[in-house]
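For the record, the sequence lines run as chains A and B. Per the UniProt record's numbering, the very first residue in the first sequence carries number 1; after that it's consecutive. Per the UniProt record's numbering, the very first residue in the second sequence carries number 1; after that it's consecutive. Note that the Cβ used here is the ideal one computed from N, Cα and C, for glycine as well. In this text the structure is predicted, and so the values were computed from the model without any measurement. First up is the structure itself, then whatever we jot down about it.
Protein chains: 2
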Amino acid sequence: MKMRLILLFLVFFSPISFAKIPPRLFPSSFDDQLSSKGKLSCETNYFTQILDHFNYNNPQTFQQRYLLNDKYWGGSKNNAPIFVYTGNEGNIEWFTQNTGFMFEIARHFNALLVFIEHRFYGKSIPYGGDKTIAYSNKTTLGYLSSTQALADYATLIIDLKNNLTAIDSPVVVFGGSYGGMLAAWFRLKYPHVTIGALASSAPILNFGNITSPYSFNNIITQDFKGESENCYKVIKGSWKQIEDMAKTKDGLEKLRKSFRICKNYISQGALENWLYTAFVYTAMTDYPTPSNFLNPLPAYPVKQMCKAIDDPKSGKDTFEKIYGAANVYYNYTGNATCFDLNDHSDPHGLAGWTWQACTEMVMPTDGNNKESIFPPSKWDYNERAQFCKSNFGVEPRPNWVTTEFGGYNIERVLKRFGSNIIFFNGLRDPWSGAGVLKDISKSIVAIVAKEGAHHVDLRWSSKEDPKWLKQVREREVNIISNWFSQYYQSLNEIY
Amino acid sequence: MKMRLILLFLVFFSPISFAKIPPRLFPSSFDDQLSSKGKLSCETNYFTQILDHFNYNNPQTFQQRYLLNDKYWGGSKNNAPIFVYTGNEGNIEWFTQNTGFMFEIARHFNALLVFIEHRFYGKSIPYGGDKTIAYSNKTTLGYLSSTQALADYATLIIDLKNNLTAIDSPVVVFGGSYGGMLAAWFRLKYPHVTIGALASSAPILNFGNITSPYSFNNIITQDFKGESENCYKVIKGSWKQIEDMAKTKDGLEKLRKSFRICKNYISQGALENWLYTAFVYTAMTDYPTPSNFLNPLPAYPVKQMCKAIDDPKSGKDTFEKIYGAANVYYNYTGNATCFDLNDHSDPHGLAGWTWQACTEMVMPTDGNNKESIFPPSKWDYNERAQFCKSNFGVEPRPNWVTTEFGGYNIERVLKRFGSNIIFFNGLRDPWSGAGVLKDISKSIVAIVAKEGAHHVDLRWSSKEDPKWLKQVREREVNIISNWFSQYYQSLNEIY
């Protein structure tokens, strides 16, 4: 298998492959979807943001989008709280819609809801909103970085509080995945702007050599192996069979037919990536209830994939079994007639991650040991560097994130520094191996759910949610309540 | 009096005025001076530093100078500590030589000493070390900022520790004045690089409207008033007399003669600035023992100035009295024959501060109320903005420092966040009004010396040091010892 950059949400190495399923673009249907569920809609706002916070020679600005919902807000006179989502690498509507937890607890806390879009994503595109210019080269893309994004959030929040005359309203930041990393880092770097952070499934330790590069795929392996030994063995054995088949005469055409790939394009690498994507994201979103985050999925989709593989009806044909599994991820709705390996659409606007992965977000996840469900491979930094050089003309800075944000010996460093961070991780999530899994101090705590997947705690709740998930959310609410108690008490203290 | 930018060390508005006293350049005489006192010398090193840490489109680097002394170091095998001085706005030799405290306690702690020069100062000039280019315009100067400087320090320290295989050696940062601000901010932003900071006379609250713009000159007023009411009155009254005299025929020439100004240049504003400089820096360096930081000065120079003013021998001539006071600051050695108001020399290489004051370091210090020893005036941001616009073509960002580093409600923010910072302030120091003067938490503490001046604690000790100063240093050593105890204990803890 070829090297690929793994997005926090999306396998992102050429070729990218999406199934031909009904479009899941949110911008048009966002409010409808929220209100159709009897839930909340947001007001869209734009803030004139500084393009370069760290250099004064550049007076350029851009329009940064943020969504606002004040239905439950207790108002500035009561110093009622503000919940801010620190947007990740995509359209903010997408993350807003998938962070029902904030809406659901806003009523309890009388909180204002703010979802800030990350620069260079969604509608928050510098250079007059022109994505073609903004993404054209390393000079324009140079302003796309986590450090600038955090400074954006600080600047916007302070300005918003001033405008609302809500100076003393406490701010709590929330984020999942890369957004969770940003939330945790935001609390660490801007404690004067936020009193606490809920960092859900934030792999802040997936840098340098803190976390093994085998960890990510090991967890995926365990997810499938845990369902059934046979399921694991079939998937593990399939790669060699695909490789062998691809080498034979008409082998690619046979593979195309086996996997219902559309006629326009087939290659061994593309097929492998397409399958890899399905396994990775199914493991990541192995939620206990049906979901529609990346694709529409049933509850416990890993189990469903293994069911398809273990199904006696699928006979002994490995490709048929693997196709059945892929079908769970790519075609749960049953509408697809064929799968387009040549579909480079990007419905959530995630393209900027390639740049981020080529500069600071060098997260080694690509290793596969002997037991891996994927073919053995080593994490190879040079491969990444080469890709980035030829794609953008940049050399990654693999040590920058640990220099700027730390990570090594995090327990020792934060044991007596900082406070008020919740690190949630679900152990079925491949990213969880690079999360904070143990309490660091009394107020920098880890909540670990053995059965949980990627930021499952932030999803809209459901009656079908298992008990452990309800308990996780309850604990999060309690901790956040304590932050507020402490904060409001401190407002009355005289210094 | 005209608006002026106040450097942490130097009045820095045109015209700058220095006395014709023997040169005090350190680069040539630095090692000699240290060794002549039987003290320590340093090894000069250069580190290839990234010019822009926050943008990846720019692969440029520059040579950053740092001084190293390992005479007392206990070595990496013992995880012996590293003391780092976070350099301020000038040649690093100058700060090194004036931070004897680090040398003196290094033996006790078996510490390695590292003094890092701030980018754009001394020999740490980007653009191939060419100051003419580096300082030529806002594009090149754009990289001169505190945020970049802090990232420099993090990058250099991590690299140095790697090279010394001293990964587990704890780092404590020290700094005075702007260097003290950097030290405090460094601990807050980079807790993974340093275990604690001694921030001496760091006016981190002199931003936005946290500290009154009258505070600075109020303290100077008090310093002189505290010595003698007459002294205060004479100085306070002198400005009007100078103004009146300047308006008369031959008035400027009379003033020139009264103040022994050289023939080449005289103007009312330049004379006023020259006197203002003397009062400000004498108040700042009102040390209990003779010093040679800015100019050679006697012990308690404010007292000496007032003595000159109150001296019955100086008769009733205000100018003669004020001249006597200025002479304490400008001519303690007695070598000056006349004072050159047209001398724009910059022996410590502080010129970059004008840029910093025009971008982020907007520190309101210029207000004078009715009681001020200086003529009444209001802090006027627009005046600053205009100056910066015409000088550099930039608009200051007066809210940036509080956005990036905080400051408002610092007690509330840091009471449960962060640890291990000592804020030292001497209350005779005009900057002390913008310092942290009360303990914030158990380990973010304020040490306040009523009789102290600008970072007096960091100076070389002397047998003549008063008891309170010895006690301040003792307390600092004890606190730092505790940081180490905690740190070494945590090395043995298993997570």
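Could you tell me if residue i is buried or exposed, where buried requires 16 or more neighbouring beta carbons within 10 angstroms of its beta carbon?
i                      : result
I92 of chain A         : buried
residue 567 of chain B : The requested residue 567 of chain B is not part of the displayed model; chain B covers only 1 to 495.
Y487 of chain A        : buried
L112 of chain B        : buried
N110 of chain A        : exposed
K415 of chain B        : buried
Q356 of chain A        : buried
T365 of chain B        : buried
K138 of chain B        : buried
T165 of chain B        : exposed
K189 of chain B        : buried
Going by the beta-carbon positions, is the gap between residue i and residue j smaller than 8 Å?
i               : j               : result
E104 of chain A : Y66 of chain A  : no
Y332 of chain B : N295 of chain B : yes
E360 of chain A : V302 of chain A : no
A80 of chain B  : S215 of chain B : no
A385 of chain B : E371 of chain B : no
I447 of chain B : V472 of chain B : yes
D465 of chain B : S200 of chain B : no
K321 of chain A : V234 of chain A : yes
R428 of chain B : G452 of chain B : yes
I133 of chain B : G407 of chain B : no
M305 of chain B : T285 of chain B : no
Y300 of chain B : R459 of chain B : no
N155 of chain B : T403 of chain A : Checking the sequence, you will find Thr at residue 155 of chain B rather than Asn. Yes.
L297 of chain B : G90 of chain B  : no
Y56 of chain B  : S145 of chain A : yes
L51 of chain B  : N45 of chain B  : no
G208 of chain A : P398 of chain A : yes
S258 of chain A : Y329 of chain A : no
A106 of chain A : Y153 of chain A : no
C262 of chain A : D340 of chain A : yes
Could you work out which residue in the options is closest to residue i when comparing CA atoms only?
i               : options                        : result
W94 of chain A  : A:L341, A:F423, A:G175         : A:G175
K438 of chain A : A:C388, A:L205, A:E493, A:S461 : A:L205
G129 of chain A : A:G452, A:G315, A:Q148, A:Q49  : A:Q49
V401 of chain A : A:M363, A:V436, A:S485         : A:M363
W353 of chain B : B:V114, B:G269, B:Y135         : B:Y135
A326 of chain B : B:F109, B:I309, B:Y56, B:F374  : B:I309
C42 of chain B  : B:M102, B:N217, B:Y281         : B:M102
I479 of chain A : A:Y143, A:V172, A:I157         : A:V172
N230 of chain A : A:I373, A:C358, A:G349         : A:I373
N163 of chain A : A:G75, A:I220, A:I219          : A:G75
G367 of chain B : B:I219, B:A278, B:T289         : B:I219
N369 of chain B : B:K77, B:H192, B:T221          : B:T221
L491 of chain B : B:G433, B:K138, B:I167         : B:I167
L271 of chain B : B:N69, B:D52, B:I157, B:D343   : B:D343
T86 of chain A  : A:S390, A:L182, A:G324, A:K161 : A:L182
Q64 of chain B  : B:A151, B:N78, B:P213, B:F83   : B:A151
F115 of chain A : A:G179, A:P191, A:T165         : A:G179
G433 of chain B : B:S212, B:K77, B:K161          : B:S212
S390 of chain A : A:S377, A:C358, A:E411, A:P376 : A:C358
DSSP has residue i in a bridge; who is on the other side?
i               : result
I422 of chain B : B:L198, B:V445
V172 of chain A : A:F83, A:G196
L112 of chain B : B:I82
E43 of chain B  : B:L68
L51 of chain B  : For L51 of chain B, which the question treats as bridged, DSSP gives no partner whatsoever.
Write down the C-beta distance between residue i and residue j rounded to the nearest angstrom, noting that I regard them as a contact closer than 8 Å.
i                      : j               : result
H454 of chain B        : W431 of chain B : 6 Å
C338 of chain A        : R260 of chain A : 5 Å
residue 538 of chain A : Q148 of chain A : Because chain A in this structure spans residues 1 to 495, residue 538 of chain A falls outside the shown range and cannot be described.
T140 of chain A        : Y121 of chain A : That belief does not hold up - the Cβ atoms of T140 of chain A and Y121 of chain A are roughly 14 Å apart, past 8 Å.
F186 of chain A        : A197 of chain A : 6 Å
M245 of chain A        : K254 of chain A : 6 Å
Y232 of chain B        : K225 of chain B : 4 Å
F417 of chain B        : P347 of chain A : Wrong, their Cβ atoms sit about 39 Å apart, outside the cutoff.
T318 of chain A        : S377 of chain A : At roughly 21 Å, the Cβ-Cβ gap does not stay under 8 Å, so T318 of chain A and S377 of chain A are not in contact.
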